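To start, the structure itself, in structure tokens.
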Amino acid sequence: TNQVRNFAQVTIAIANGDLSHKVTVGTDGEMQEWKETVNVMVDQLNAFAGELIRVSHEVVDDGRAGSWMQVPGTSGVWQKQIESVNALAAKAQPAAP
């Protein structure tokens, strides 16, 4: 069905690191709940990746130790990863001139 194809396209894109796709096919009931969950996951992954890239650039390229990742609504392993990145960023030392 078109619904299954759209879900497959989006999840394959996510697995390949392409977070520019969302489920757009019309759904209802349990499929609508699944669609919303997948699309929220894409938003969270985009926010997480964007923050990780931002903090990495600030610490490595700009020498700004103490930059912090902030991704609202995270929990579980995502929150632990954020805490780990923030701990590394806090200890980063600027490169010697």
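Using the working numbering, you'd call the opening residue of the sequence shown number 933 and step up by one each time.
Think of the CB as a built atom: it goes at the ideal place given N, C-alpha and C, for glycine as much as any other residue.
Predicted model only: the values in this text are computed from it and were never measured.
- Using a 10 angstroms sphere on the CB of S999, the tally of other CB atoms reaches 16 or more, which defines it as buried.
- C-alpha of K954 to C-alpha of Q935: approximately 12 Å in a straight line.
- Where E968 is concerned, the enclosing alpha helix (DSSP H) starts and stops at 961-988.
- For V1009, the secondary structure class from DSSP, reduced to helix, strand or coil, is helix.
- Counting other Cβ atoms within 10 Å of its Cβ, V942 reaches 16 or more and is therefore classed as buried.
- In this structure, the CA atom of G958 is about 27 Å from the CA atom of F980.
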